[in-house]
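Participant: Questions regarding the structure given below will be posed in turn.
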Amino acid sequence: MKWAVAVVAAVLGAVEFATWAASRALLPTVGTDAGHVEVGETVLVLGCPLVPLHRWRVRIAVRSTDPSVARFVFCGGAVRTQVPEAQMMADYAVRVLHLPPGNIVIENRSTTTEENIANAMPFFADSPAIKIASNTFHALRARAILADQSPDAAKRLVRARDYLPFEWGPLHAVLLAYDGYRYVRAVCAG
């Protein structure tokens, strides 16, 4: 029985390390300090059809900056609901987390992560820093997409506070497995 506990602890430790490393990957050297806040920075909050996950992403966005000096761009169209994901997230941010409504931009046409990045670009074109708020592995994928779509904008990326140790416990393992599945599927597809 002790070995089973040791194996579970080792697996969870490895998952936490992988999540920690992913939260710091594909960032410029100067962008790894999640505590760094610049006046006028943009926090890009990526949509998600699952309400608990999109609320988590909003909390990540708010804890990643000083809400009084940042612009929040909420992305996501009406993928599986009548109301666009961006609108649901913005409503939650204002109503529950007391985000200043004047600091919010809603991009409600996107239905994929690629579209989130492409459609949000005009909103962070003049920002000194860009943070992407999502679950860690999704944010990593979004940083890769941004680097492909706009290498100049990717140079302004700064780490969001998308990783807190053991914040979601075993769910980090599920998210890592899902990211691995998406990677294998993409490689096999072409």
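Those letters in the sequence shown? Residues 1 to 190, per the numbering used here, in order. Backbone N, C-alpha and C define an ideal beta-carbon position, used for all residues, glycine too.
1) What are the boundary residues of the alpha helix (DSSP H) that includes Arg59?
2) Using alpha carbons as the reference points, say which of Ala14, Ala129, Pro100 lies closest to Leu44.
3) Could you tell me the distance, in whole angstroms, from the CA atom of Asp162 to the CA atom of Ala189?
4) Can you tell which of Asp91, Leu146, Pro67, His98 has the C-alpha that lies nearest to the C-alpha of Ile132?
5) Using alpha carbons as the reference points, say which of Glu107, Phe137, Ala144, Glu114 lies closest to Trp20.
6) Using only CA atoms, which one of Pro165, Gly77, Pro122 lies nearest to Ser150?
7) As a quick exercise: from Thr32, Cys75, His98, pick the residue whose alpha carbon is nearest that of Gln87.
8) Determine, using beta carbons only, whether Pro67 and Leu46 come nearer to each other than 8 Å.
9) Rounded to whole angstroms, what's the CA-CA distance from Asn135 to Val158? Just pull it up for me.
10) Hey, would you say Ser64 sits closer than 8 Å to Ala139, going by beta carbons?
11) First and last residue of the beta strand (DSSP E) that includes Leu46?
12) Which runs of the beta strand (DSSP E) spanning at least 3 residues fall entirely within the stretch 99–179, listed in chain order?
13) So, does the CB of Ser150 fall closer than 8 Å to a CB anywhere in chain C?
Facilitator: A quick look at the data gives this:
1) 51–63
2) Ala129
3) 29 Å
4) Leu146
5) Phe137
6) Pro122
7) Cys75
8) no
9) 15 Å
10) no
11) No beta strand (DSSP E) holds Leu46; DSSP gives it neither H nor E.
12) 104–107, 130–133
13) Absent from the structure: chain C. Only one protein chain is present.
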